[in-house]
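S.K.:
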Amino acid sequence: MRNPILLLTALIALTACEKDKPTPTIDQRAYSVTTNGNVVTVRNLPADTIVGTTSQGQPIGAGRYTFFSLESNQWIPNSDSNSNRWDLAFAGTTVRVNNLTSGPGAGGAFVFNGPFETLTSVPADSTFRVDNHPVSYAIPRGSGRAWYTYDGPTNLLIPIPGRTLVIRTASGQRAKVDIFNYYRGGVTPSASAPDSIKIRDQRFFHFRFTKF
Amino acid sequence: MKGGILLWLVFLIHFCSWGQSDSVSSLQEVVITATRQERRVGNVAVPVTLIQKTQIQQAGSLRLRDILQEQNGLVMTSAFGVGLQMQGLNPEHTLILVDGQPLVGRTSGVLDLNRIALAGIKRIEIVKGPSSSLYGSEAMAGVINLITESPGKKELSGSIRYGTGNPESGWALPFSSNGFQQVDLAVQVGYQAGKWRFRHSNNFLYSEAISFRPFSTDRVPRPTHRLTHQTSFDRPIGERTELKGLIRFNQDRIQQEFAVQNNGQLIESYGREKNSEWNIQPTITHRFNQRLKMHTRGFFTRYTGDQRLSFIQQPDSSYLDRFEQGLYRIEQQVDWSLDKSTFIVGTGYQLDQARSTRYDALDRIKQNRVAYAFFQWEWALHDKWISVVGARYDDNQLFAAALTPKWSVKYKPSEKWSVQASVGQGFKAPDFRQLYLNFTNNAAGGYSVYGTQDAIRVITELQRLGQIADLQPDFSNLSSLTPEYSTGSNLGVSYQPAQSLSIRLNGFRNDIRSLIDVRQVATRVDGSQIFSYLNVRRAFTQGLETEVKWRPQAHWTLQVGYQWLQTGDKDELDRIKKGMEYLRAPDGSSRVMSTREYIGLPNRSEHQAQVKLTYQPAEDRFLFIRALYRSRWIVANSNGNGVHDDQDEVASGFLQVNLSGGIPIRNNLKLQAGIENLFNYQDVIYLPNFPGRNLYLTLNYTL
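These protein sequences, in sequence, are chains A and B.
Take 1 as the starting number for the first sequence in the numbering used here and just add one per residue.
Take 1001 as the starting number for the second sequence in the numbering used here and just add one per residue.
1. Please tell me whether, using a cut-off of 6 angstroms, the distance from the CB of V1388(B) to the nearest non-hydrogen atom of the ligand FAD is below it.
2. Can you pull the chain A residues whose beta carbon is under 8 angstroms from the beta carbon of Q1610(B), in chain order?
3. Rounded to the nearest angstrom, what separates F1540(B) and N1279(B) at their Cα positions?
4. Jot down the residue ranges of each uninterrupted beta strand (DSSP E) in the segment 1216-1259 of chain B, minimum 3 residues, whole runs only, in chain order.
5. Could you confirm whether any beta carbon from chain A is found closer than 7 angstroms to the beta carbon of L1465(B)?
6. Under three-state DSSP, which class holds L1695(B)?
7. What are the complete beta strand (DSSP E) segments, minimum 3 residues, inside the segment 1384-1462 of chain B?
8. Of all Cβ atoms in chain B, is any one closer than 7 angstroms to the Cβ of T154(A)?
9. With C-beta atoms as the reference, is R168(A) less than 7 angstroms away from F128(A)?
10. Just the C-alpha distance for L1481(B) and N1043(B), rounded to the nearest angstrom, thanks.
11. Here's the rule I'm using: 16 or more other beta-carbon atoms within 10 Å means buried, otherwise exposed. How should A62(A) be labelled?
12. Touch check for the segment 1570-1589 of chain B and the segment 100-117 of chain A: three-plus C-beta pairs under 8 angstroms?
13. Pick helix, strand or coil for R208(A), following the three-state DSSP scheme.
14. Do we get a CB-CB distance below 7 angstroms when we pair G142(A) with the residues of chain B?
15. Among the residues of its own chain, which have a CB less than 7 angstroms from the CB of R1063(B), if the five just before and after it don't count?
16. Please work out which residues of its chain come closer than 6 angstroms, Cβ to Cβ, to Q1333(B), disregarding the five sequence neighbours upstream and downstream, and give them in chain order.
17. Between which two residues does the beta strand (DSSP E) containing L1084(B) stretch?
18. Is the segment 1557-1568 of chain B touching the segment 1595-1607 of chain B in the sense that three or more CB pairs, one from each, lie closer than 8 angstroms?
19. Hey, does I60(A) have any beta-carbon neighbour from chain B nearer than 7 angstroms?
20. Please return the same chain residues whose Cβ sits closer than 6 angstroms to the Cβ of F1080(B), not counting the five positions on each side in sequence.
21. E1572(B) by DSSP, collapsed to three states: which one?
22. Using a Cβ-Cβ distance cut-off of 7 angstroms, determine whether T149(A) contacts chain B.
23. Tell me which same chain residues have a C-beta within less than 6 angstroms of the C-beta of T164(A), skipping the five on either side of it?
24. Candidates R1235(B), L1292(B), G1165(B), S1318(B): which alpha carbon is nearest T1283(B)'s?
25. Going by DSSP in three states, I1067(B) sits in which element: helix, strand or coil?
26. Which residues in the same chain have their Cβ closer than 8 angstroms to the Cβ of Y1582(B), if we skip the five residues on either side of it in sequence?
27. Quick one: what's D151(A) bridged to in DSSP?
28. Could you tell me if Y1598(B) is buried or exposed, where buried requires 16 or more neighbouring beta carbons within 10 angstroms of its beta carbon?
29. Under 7 angstroms between C-beta atoms, does E1092(B) make it to chain D?
30. Are the segment 76-85 of chain A and the segment 195-210 of chain A in contact at 8 angstroms, needing three or more beta carbon pairs?
31. Please name the residues in the segment 92-118 of chain A whose beta-carbon is closer than 7 angstroms to at least one beta-carbon of chain B, in chain order.
32. Considering only residues of the same chain and omitting the five flanking positions on each side of V1370(B), which have a CB-CB separation below 6 angstroms?
33. On the three-state DSSP scale, how would you describe I1312(B)?
34. V122(A) by DSSP, collapsed to three states: which one?
35. In chain order, what residues of the same chain have a beta carbon less than 8 angstroms from the beta carbon of Y148(A), not counting five sequence neighbours either side?
36. Apart from the five residues on each side of it in sequence, which residues of its chain come closer than 6 angstroms, Cβ to Cβ, to Q1559(B)?
The structure is reproduced here in structure tokens:
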């Protein structure tokens, strides 16, 4: 090429083009399922998100559970609620397993005190709990008891680091689940954020899981 | 507005230089709080700070908050009014006295320091370290004692102060519509009528402030009125007997109006607050001879707080919150001085009463009776050693008795050096709210808090009605509350190599046990939480405090103070040591947390420092500059583990600079001007009560 400047321009244009090549953009606020090795990560799974307020001004959802299958890695439609197709059902902070009062499956769960990574197998003598709706649940409700703490003054719900849910699926398989965020976009609002944001963005589950 | 700066320059040029010289040492000053009798500071074995009237005036301080925020090792907290954190302990653990008797009317353990006017106060004594051996409950971190002006001389004096500020731009013209005005009036009268001697002090403060509530959309200034009347009197009764006393009345009216967006819904609320307080405290002192004295003290105080909150959009949910507290006490103290020893023996009986709309019913008065006795033996040995041993026993009607001993010792090997050490117990009795609160917050999630006297009964009843979904493990731990205890030690050195230089260093450690904490004990069927109080927490605070005073020249004084503070919850530390607390990495995975990553209790700043510079060429001519620094502090746990660490939400550290200066205009007329918060530092979210820049001018007239 006779004109070195032209060459340079072409080169720049070329590299620029390389950089501009559209990469698949992930909407950080949208529901997604990604797989990395044997760890499946679910983001922004809505769980009875806030639709309004009661006459007393309390935020409420529509009262519908969101069903998820740890075996097919899928969000399961509500029409299949009375089947073995789902393993976990989410509504607000309640997480139910597919058994007895919750569904027709062989599901169960218990809370393991330790990080997700350190749990490599389920001890043979483990006791799986089951739901006895509405009295008690395999995954207990309440701040500090299973997977989250709720702070009244800041009105924030935060998953406890180092807590792992051990799940028996509807078909009796074993899996471990780590819930790591409860807000849309995977970012907990700051303690000083307005209540309106804390209420709007809550009840979006982010979790990782692996089948044993 | 540069007018303020210009005014200041003119002001500064007016200085001329001649003046007096005295030593930086305050060892000759008298303190009463440390031992319940007058002692020179140099002979007291516990950490003491004195603030004299001159310093209060030169700092332009109107309220107790204004002057305490400028003291080494004291930090202002901002929940439920302005509270005081001493040696890293919560506001409820510092006892605040006026002439030796306590102020009542705390909200959530906080006594709002803005409630207390400084007009008519001649000295503030700050004693650090547990002092329950003399003063009983609340004196865990220490004691603040405000000493009122004593009657005596004929006097008529008054002052008027006008201040203005605008928190948004920081500058406002006097009397302008965008400025917030502040007017303070104070009048003192002293006279004698027969054998009676009186001193009246009246203070009125009008100030405008916006409600610094976060996210408030309405930022209209609303007025606060504060009125204080104080009369101290004395009268000799015969040769050896004297009647002394104080009558104090205080009233605050506070308006707050703010609009909050909640779920896209605008809620305008109008708050009206009225707090009134009476203190009457007569004392009869009888001197049997040179060595033996007896004081008989009566003390009556009542506090009434009314808060009305109404919502324009939801008039039905308006509510009135009323709280009344009374404390009635009679006390006898005998002082017996020998050559080397002084003994103090005292005994008293006290009735505490409270009623509130926040308890089960406003017409049911809650009460506690306390009988107490204390003694102290002060022993001076060879002029070089001073040892003080004391103890107090408080017998409570409602909960376990408390025994609080203390021992302090001072060694003065030379004029230049002294070393002091003390170790003592402090306690705080459970307060009425922890025993009787019966409160459901319908505005915020419907949670309830029940005091321990009612919790088990109420929850059992709710359970019978099928309204309880589950009981938390802490429910089975509910029982009668016991006092909170601390063991505090202080070890200090002071060194004064020359008249013009003094250095003080004090290390402290407080171990606190059976701290009362609010814990969830049950959950209602609708998911709302029920809380109560348990003696569960153990914590510590420790630190180092140092103060240097230097007078390089006759007119100049430099004071530098610094406090290093470390705090922690002992159970949290245990859990971290056992590897039971985790941190979450950015990728969502968890790892074990190490003790190095632990920050400790929330709202505590590791570093606090201040530099104060005074230029005083003549008695009435001065310039006083203070730079106050507080490092960052944790405000909330935001990563879900039970402990505070680097991932949590922090408020950033800040620097506040206050300036003031004064000149005489005529013989009995003085002018003072000042700027508070010169750089207009504000933090609407974490320091909601922290005012913006304020410029003021004071005229002081003495007849």
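We put the beta carbon where it would ideally sit given N, CA and C, even for glycine.
M.R.: With the structure as the only source:
1. Ligands in the displayed structure: none, and consequently the ligand FAD is not present.
2. As a working mapping, residue 1610(B) is identified with position 610 in the second sequence. The contacting residues do not exist; Q1610(B) stays about 27 angstroms from chain A at best.
3. Stepping through the second sequence from its first residue, residue 1540(B) is reached at position 540. Stepping through the second sequence from its first residue, residue 1279(B) is reached at position 279. When rounded, the distance between both Cα atoms is 35 angstroms.
4. 1222-1237
5. Taking the first residue of the second sequence as position 1, residue 1465(B) is located at position 465. No - not a single Cβ of chain A is within 7 angstroms of the one on L1465(B).
6. Taking the second sequence and counting its residues from 1, the one referred to as residue 1695(B) is at position 695. Strand at L1695(B).
7. 1385-1396, 1402-1411, 1417-1428, 1438-1441, 1447-1450
8. Counting from one through the first sequence, the residue named residue 154(A) turns up at place 154. Yes, contact with chain B.
9. Locating residue 168(A) in the first sequence gives position 168, where the first residue counts as 1. Locating residue 128(A) in the first sequence gives position 128, where the first residue counts as 1. Contact flag set, yes.
10. In the second sequence, counting from the first residue as 1, residue 1481(B) sits at position 481. In the second sequence, counting from the first residue as 1, residue 1043(B) sits at position 43. Roughly 39 angstroms separates the two Cα atoms.
11. For the purposes of this step, residue 62(A) is identified with residue 62 of the first sequence, where counting begins at 1. By the 10 Å Cβ count, A62(A) comes out exposed.
12. yes
13. Against the first sequence, residue 208(A) aligns to sequence position 208. Three-state DSSP puts R208(A) in a strand.
14. Working through the first sequence from its first residue, we reach residue 142(A) at position 142. Using a CB distance cut-off of 7 angstroms, G142(A) counts as an interface residue toward chain B.
15. In the second sequence, counting from the first residue as 1, residue 1063(B) sits at position 63. Excluding residues within five positions, the ones whose Cβ falls inside 7 angstroms are L1113, N1114, I1116, A1117, L1118.
16. As a position in the second sequence, residue 1333(B) is number 333, starting the count at 1. If we look at Q1333(B) and ignore the five residues flanking it on each side, its Cβ neighbours are H1295, G1346.
17. Within the second sequence, residue 1084(B) is the residue found at index 84, counting from 1. It spans 1083-1086 - the beta strand (DSSP E) in which L1084(B) sits, taken as one unbroken run.
18. yes
19. Within the first sequence, the letter at position 60 stands for residue 60(A). Look at I60(A): its C-beta is not under 7 angstroms from any C-beta on chain B.
20. Along the second sequence, one-based indexing puts residue 1080(B) at 80. So the qualifying residues of the chain are T1107, S1108, V1110.
21. Translated into the one-based positions of the second sequence, residue 1572(B) becomes position 572. Helix, per DSSP.
22. On the first sequence, position 149 is the one that residue 149(A) refers to. With 7 angstroms as the cut-off, T149(A) counts as an interface residue toward chain B.
23. Position 164 of the first sequence, counted from the first residue, corresponds to residue 164(A). Taken in chain order, the residues that qualify are F112, F116, L119, K176, D178.
24. For the purposes of this step, residue 1283(B) is identified with residue 283 of the second sequence, where counting begins at 1. With distances taken between Cα atoms, T1283(B) lies closest to R1235(B).
25. Counting from one through the second sequence, the residue named residue 1067(B) turns up at place 67. Three-state result, I1067(B): helix.
26. For this step, residue 1582(B) is matched to residue 582 along the second sequence. Here the set comprises S1590, R1591, V1592, M1593, N1641.
27. Here residue 151(A) refers to the residue found at position 151 when the first sequence is read from its first residue. L156(A).
28. Residue 1598(B) sits at position 598 when you count from the first residue of the second sequence. Buried, since its Cβ has 16 or more Cβ neighbours within 10 Å.
29. The structure shown contains no chain D; its protein chains are A and B.
30. no
31. P115, F116, E117
32. Within the second sequence, residue 1370(B) is the residue found at index 370, counting from 1. Around V1370(B): Q1350, D1394, N1396.
33. As a working mapping, residue 1312(B) is identified with position 312 in the second sequence. Reduced to three states, the DSSP call for I1312(B) is coil.
34. Taking the first residue of the first sequence as 1, we reach residue 122(A) at position 122. V122(A) falls in the coil class under three-state DSSP.
35. For the purposes of this step, residue 148(A) is identified with residue 148 of the first sequence, where counting begins at 1. Around Y148(A): T93, L157, I158, P159, I160, I179, Y182.
36. Stepping through the second sequence from its first residue, residue 1559(B) is reached at position 559. Excluding sequence neighbours, Q1559(B) sits near K1549, K1612.
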